[in-house]
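Asks: Here it is: the structure, laid out below.
Residue numbers (this note's numbering), protein chains in the order written: chain A, 1 to 447; chain B, 1 to 447.
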């Protein structure tokens, strides 16, 4: 669904390794898994996201003639290797947690099983796609937890890190429970509901603030949201009273006002009082301006009369935790389980599955990380999503995934729903068969 | 140079405002400026970047038929307005600071002068492009200040926020003084030097670590960098000694080793000793792994024998300060200067220029922010870059901009070169004519 991204949007080492694999004829089946090593400090859970774009990427994987020509001419690669790339396609299998699934450290959310060069080549872009949407969905889920009953709109395109980040953060935040976005392309592409108000420039371009409000309301007779903080918020609210009455006589209603600066709670209370006393209780109050889950929680705890929030920059840059300590690691090659043992970065070897248990209350009660052939009790979280390079028909559309995310959030234990760090982290047990496998691999490596 | 991005990658309000402007026939000349309201805490300066992509965007601005059809069918816009978009092009003028220029709070780095609908429509994407590259260039400049004599390579594509962020952070970090990037597409597109090593998977896919090293060295007889921390760093360094001698007999040399985990300084010292005592002083040491300017400064202060660094995630997400408090604001419409007065977000009105003075030592000595018609002494930092929608021939290529950035860095006063906050911020004076203009605008608004 996203524009095709050049296969050369990758790290050079993927290609230099591919040439060395080619030189050595290393083409056996490799198993890579993507996982997060540690949750970011203060985060109690993560929400998987980005799979749809990964599957698009894998289905579209190919080198164009101009890319091959550039590779052949760049001085690093020999002709027979470059020629071998011409027909390279992704022909592997993928298992993954559905988008919207809650997950924890060390749990793979995606597994690729493919010939080594294919599975290696996709590493960089696959991490790039999975980390970003997972980061934003996880942040947006926290914003939703802070404001369960409010209208929440993604306003973050302008300060997202580039075009794709802006577009995909609209998707990831909607997945995680936002009501919509201001990003038009996300509406066109995925049918995400669009919301928009007006900018200060609209007010400034008029010589008179009330004229700006009237013009906008006339263009949008039932859906206008007027930005009232350009000069003096309360004065603007007062000026709406006669305007709203005049417009009402013509059947034009003002839907809401937006506050974007100062003490949002204090302004909201004053504006609410002005509007209510002026006989306009139907006009809603929408707030924006450097908001995140912490500020929403504070405003709501203080009873600020705000109906909805535009949440941007801090959500879609995940400003307090702008990256995940994630990796895509080789776990098996040529039928042998593998692991790296680097300090602080050792991995669990082999093909793994996560089994989740639920309590009598329906809430998540613990996960078991184990080998795929350990038939543990609980719900298996990784499911097949692609076979031989073709996506399976069971991969759901965005609105279905959003329902799944909502169901997942409803099953979060209370301790994990808090914005503060849980006293005890969620219990993920590494099962004995996996520990045994790791010990076997260590013994083999040390030989 | 980047792929065309849909004009619908914008906030809905740009389009709703455009329809209201259309309904009111508001089509006079508007002047918008992009600036940063406040430097991020702890940052002593910023480096302007992203102009090339802005000019590409403005030159390519148009609605496709399918975009127009979607707009006409989405239920928010009337036919005559949508029809008016068919021939919309950007026909305005742009002045800007060249990329690589050092700038400070409140200083416009770009001014758009165009009919109101055009100047308004471009707001979202223009901020999106300028903030991100400026953010990364400014961070990368700090990394370069921390390690003036080391090889610095952008390794951050995988954890950048999406495809464009990955690609553009290669460009922005190169502009700011990095030596190159691992992002292949950035090499193809801008000729940025490419660097790459190998991943742990390459070592893991072999049953024997030394075999992995040998295979890689044979594929790259003079340029191999071997990753030696997959199992045991010092053991791997020892294993290189006989391998290097064997390969040397065939004319194959190992260029460097890479460390990616643990205490990089301690490992570097041990590995350096092992290689030197083993007669391999020519093999360099390259380090990576969650590095930023602070860690580089520490490693270098401690004398760690590291020749180069791969700097990724924390640089290209600008992890400690992942966004800029920036804006693109209407400063004039229909020949009248404008300003917003929102709490904490008031702007300086009118068309502005920044004049920079230099001391006898050649270092930057202070800026004067003033109106364009105030012929102040010093170097005028904003220059024309686009006229009537066409970029001017004077816009330099990346390598020239990089030289400019280097010259700018050389003119930074010592207090601003520190990674810690300067005791006194750089002096930016708001000149009397600008203060006077602001007072006049305030008097007009209050009438």
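Each residue gets a CB set at the ideal place from its N, CA and C atoms; glycine is no exception.
If you're wondering where the values come from, they're calculated on a predicted model, not measured in any experiment.
#1: Which residue or residues does DSSP assign as beta-bridge partners of residue 386 of chain B?
#2: Given that a residue counts as buried once 16 or more other Cβ atoms are within 10 Å of its Cβ, and exposed if not, what is residue 200 of chain B?
#3: Name the chain A residues whose beta carbon is nearer than 8 Å to that of residue 131 of chain B?
#4: So for residue 379 of chain B, helix, strand or coil by DSSP?
#5: Going by beta-carbon coordinates alone, are residue 59 of chain A and residue 391 of chain A separated by less than 8 Å?
#6: Just to confirm before moving on: does the CB-CB distance between residue 118 of chain B and residue 92 of chain B stay below 8 Å?
#7: Could you tell me which of B:270, B:85, B:96, B:276 sits nearest to residue 304 of chain B, measuring between CA atoms?
#8: Whole angstroms are fine: how far does the CA of residue 349 of chain A sit from the CA of residue 437 of chain A?
#9: So which residues on chain A does residue 128 of chain B lean against when the C-beta distance must stay under 9 Å?
#10: Assuming contact is defined by CB atoms lying nearer than 8 Å, are residue 273 of chain A and residue 226 of chain A in contact in what I supplied?
#11: Going by Cα to Cα distance, which pick from A:290, A:327, A:355 is closest to residue 159 of chain A?
#12: Please list the partners that residue 345 of chain A has in chain B, where partner means a Cβ-to-Cβ separation under 7 Å.
#13: I want to see whether chain A comes within less than 8 Å of residue 210 of chain B, judged by CB atoms only; does it?
#14: Check the Cβ-Cβ distances between residue 98 of chain A and every residue of chain E, and say whether any is below 8 Å.
#15: Is the shortest distance between the beta-carbon of residue 69 of chain A and the beta-carbons of chain B less than 8 Å?
#16: Could you work out which residues of chain A lie near residue 445 of chain B, taking near to mean beta carbons separated by less than 7 Å?
#17: Within the 8 Å Cβ cut-off, does residue 358 of chain A reach chain B?
#18: Would you give the residue range spanned by the alpha helix (DSSP H) that residue 370 of chain B belongs to?
#19: Write down the C-beta distance between residue 233 of chain A and residue 262 of chain A rounded to the nearest angstrom, noting that I regard them as a contact closer than 8 Å.
#20: From residue 403 of chain A to residue 184 of chain A, what distance separates their C-alpha atoms?
#21: Using a Cβ cut-off of 8 Å, pull out every chain B residue sitting near residue 313 of chain A, in sequence order please.
#22: Just the C-alpha distance for residue 36 of chain A and residue 171 of chain B, rounded to the nearest angstrom, thanks.
#23: Can you round the beta-carbon distance between residue 219 of chain A and residue 20 of chain B to whole angstroms, since I take them to be within the 8 Å contact cut?
#24: Could you say which of A:431, A:422, A:434 lies nearest to residue 41 of chain A if we only look at CA atoms?
#25: Should residue 338 of chain A be flagged as near chain B, meaning a C-beta pair shorter than 8 Å?
#26: Beta-carbon of residue 238 of chain A versus every beta-carbon of chain B: anything under 8 Å?
#27: On the CB-based measure, 16 or more other CB atoms within 10 Å of its CB, does residue 302 of chain B come out buried or exposed?
#28: At a Cβ threshold of 8 Å, is residue 361 of chain A touching chain B?
#29: The beta strand (DSSP E) with residue 225 of chain A in it runs from where to where?
#30: I believe residue 340 of chain B touches residue 346 of chain B by the beta-carbon criterion, under 8 Å. Please report the beta-carbon distance rounded to the nearest angstrom.
#31: Confirm, please, whether the CB-CB distance from residue 385 of chain B to residue 96 of chain B is below 8 Å.
#32: For residue 182 of chain A, go through chain B and note every residue whose CB falls closer than 7 Å to its CB, in chain order.
#33: Would you tell me roughly how many angstroms separate the C-alpha atoms of residue 121 of chain A and residue 68 of chain B, rounded to the nearest one?
#34: If you reduce the DSSP assignment to three classes, tell me which class residue 274 of chain B lands in.
#35: What in chain A is Cβ-close to residue 196 of chain B, meaning under 7 Å?
#36: Note down, in chain order, all residues in the region 20-31 of chain A with a beta-carbon under 9 Å from any beta-carbon belonging to chain B.
Replies: By the coordinates alone:
#1: Numbered from 1 along the second chain, position 386 holds the residue referred to as residue 386 of chain B. B:94, B:391.
#2: Along the second chain, read from residue 1 onward, the residue named residue 200 of chain B stands at position 200. By the C-beta density criterion, residue 200 of chain B is buried, having at least 16 other C-beta atoms within 10 angstroms.
#3: Against the second chain, residue 131 of chain B aligns to sequence position 131. For residue 131 of chain B, the neighbours in chain A by C-beta distance under 8 Å run, in chain order, 158, 159.
#4: Against the second chain, residue 379 of chain B aligns to sequence position 379. Reduced to three states, the DSSP call for residue 379 of chain B is strand.
#5: To locate residue 59 of chain A, count along the first chain from 1; it is residue 59. To locate residue 391 of chain A, count along the first chain from 1; it is residue 391. Taking 8 Å as the cut-off, the Cβ atoms of residue 59 of chain A and residue 391 of chain A count as close.
#6: Position 118 of the second chain, counted from the first residue, corresponds to residue 118 of chain B. Position 92 of the second chain, counted from the first residue, corresponds to residue 92 of chain B. Cβ distance < 8 Å, so residue 118 of chain B and residue 92 of chain B count as in contact.
#7: Taking the first residue of the second chain as position 1, residue 304 of chain B is located at position 304. Nearest of B:270, B:85, B:96, B:276 to residue 304 of chain B, Cα basis: B:270.
#8: Counting from 1 along the first chain, the entry for residue 437 of chain A is found at position 437. Counting from 1 along the first chain, the entry for residue 349 of chain A is found at position 349. Cα to Cα, residue 437 of chain A sits roughly 7 Å from residue 349 of chain A.
#9: Stepping through the second chain from its first residue, residue 128 of chain B is reached at position 128. Scanning chain A for C-beta atoms nearer than 9 Å to the C-beta of residue 128 of chain B yields 157, 158, 159, 160, 161, 162, 163, 165, 166, reported in chain order.
#10: As a working mapping, residue 273 of chain A is identified with position 273 in the first chain. As a working mapping, residue 226 of chain A is identified with position 226 in the first chain. Cβ atoms of residue 273 of chain A and residue 226 of chain A: not closer than 8 Å.
#11: As a working mapping, residue 159 of chain A is identified with position 159 in the first chain. Measuring from the Cα of residue 159 of chain A, the nearest candidate turns out to be A:290.
#12: By one-based count along the first chain, residue 345 of chain A stands at place 345. Using a Cβ-Cβ cut-off of 7 Å, residue 345 of chain A is close to 261 of chain B, given in chain order.
#13: Position 210 of the second chain, counted from the start, is the residue given in the question as residue 210 of chain B. Closer than 8 Å: no.
#14: Of the protein chains in the structure, A and B, none is chain E.
#15: Position 69 of the first chain, counting from 1, holds the residue named residue 69 of chain A. Cβ-Cβ to chain B under 8 Å: no for residue 69 of chain A.
#16: Residue mapping note: residue 445 of chain B aligns to position 445 of the second chain, counting from 1. Those within 7 Å of residue 445 of chain B in chain A are 231.
#17: Walking along the first chain from the start, residue 358 of chain A turns up at place 358. So, not an interface residue.
#18: For the purposes of this step, residue 370 of chain B is taken as the residue at position 370 of the second chain. Looking at the DSSP string, residue 370 of chain B is not in any alpha helix (DSSP H); the run it does join, the beta strand (DSSP E), is 364-371.
#19: Within the first chain, numbered from 1, the residue matching residue 233 of chain A stands at position 233. Within the first chain, numbered from 1, the residue matching residue 262 of chain A stands at position 262. The distance from the Cβ of residue 233 of chain A to that of residue 262 of chain A is about 7 Å, consistent with a contact at the 8 Å cut-off.
#20: In the first chain, the residue the question calls residue 403 of chain A occupies position 403. In the first chain, the residue the question calls residue 184 of chain A occupies position 184. Their backbone Cα atoms lie some 22 Å apart in a straight line.
#21: Here residue 313 of chain A refers to the residue found at position 313 of the first chain. Against chain B, a Cβ distance below 8 Å from residue 313 of chain A picks out 323.
#22: By one-based count along the first chain, residue 36 of chain A stands at place 36. By one-based count along the second chain, residue 171 of chain B stands at place 171. Each residue's Cα considered, the two are about 28 Å apart.
#23: Here residue 219 of chain A refers to the residue found at position 219 when the first chain is read from its first residue. Here residue 20 of chain B refers to the residue found at position 20 when the second chain is read from its first residue. Between residue 219 of chain A and residue 20 of chain B a beta carbon distance of about 4 Å is seen, short of the 8 Å cut, so the two are scored as contacting.
#24: The count along the first chain starts at 1 and reaches residue 41 of chain A at position 41. A check of alpha carbon separations from residue 41 of chain A across A:431, A:422, A:434 identifies A:422 as the nearest.
#25: Taking the first residue of the first chain as 1, we reach residue 338 of chain A at position 338. Using beta-carbon distances, residue 338 of chain A counts as an interface residue toward chain B, with a partner under 8 Å.
#26: Taking the first chain and counting its residues from 1, one reaches residue 238 of chain A at position 238. Output row for residue 238 of chain A: interface = no.
#27: Mapped onto the second chain, residue 302 of chain B falls at position 302. Under a 10 Å Cβ-count criterion, residue 302 of chain B is classified as exposed, with fewer than 16 other Cβ atoms of the shown protein chains found around its own Cβ.
#28: Start at 1 with the first residue of the first chain, and residue 361 of chain A comes out as number 361. For residue 361 of chain A, the answer is no, since every Cβ of chain B falls outside 8 Å of its Cβ.
#29: What you label residue 225 of chain A is simply residue 225 of the first chain in a count that begins at 1. Residues 224-227.
#30: What you label residue 340 of chain B is simply residue 340 of the second chain in a count that begins at 1. What you label residue 346 of chain B is simply residue 346 of the second chain in a count that begins at 1. Indeed they touch by this definition, with Cβ atoms about 6 Å apart.
#31: Here the question's residue 96 of chain B lines up with position 96 in the second chain. Here the question's residue 385 of chain B lines up with position 385 in the second chain. A contact, by the Cβ cut-off of 8 Å.
#32: Within the first chain, residue 182 of chain A is the residue found at index 182, counting from 1. Near residue 182 of chain A (Cβ distances below 7 Å), the residues of chain B are 11, 12, 13.
#33: Looking up residue 121 of chain A in the first chain gives position 121. Looking up residue 68 of chain B in the second chain gives position 68. Spanning the two alpha carbons is a distance of roughly 38 Å.
#34: The residue you call residue 274 of chain B lines up with position 274 of the second chain. It is helical.
#35: Residue numbering aside, residue 196 of chain B sits at position 196 when the second chain is read from its first letter. Within 7 Å Cβ-Cβ: 11, 12, 13, 16.
#36: So the close ones are 20, 21, 22, 23, 24, 26, 28, 30.
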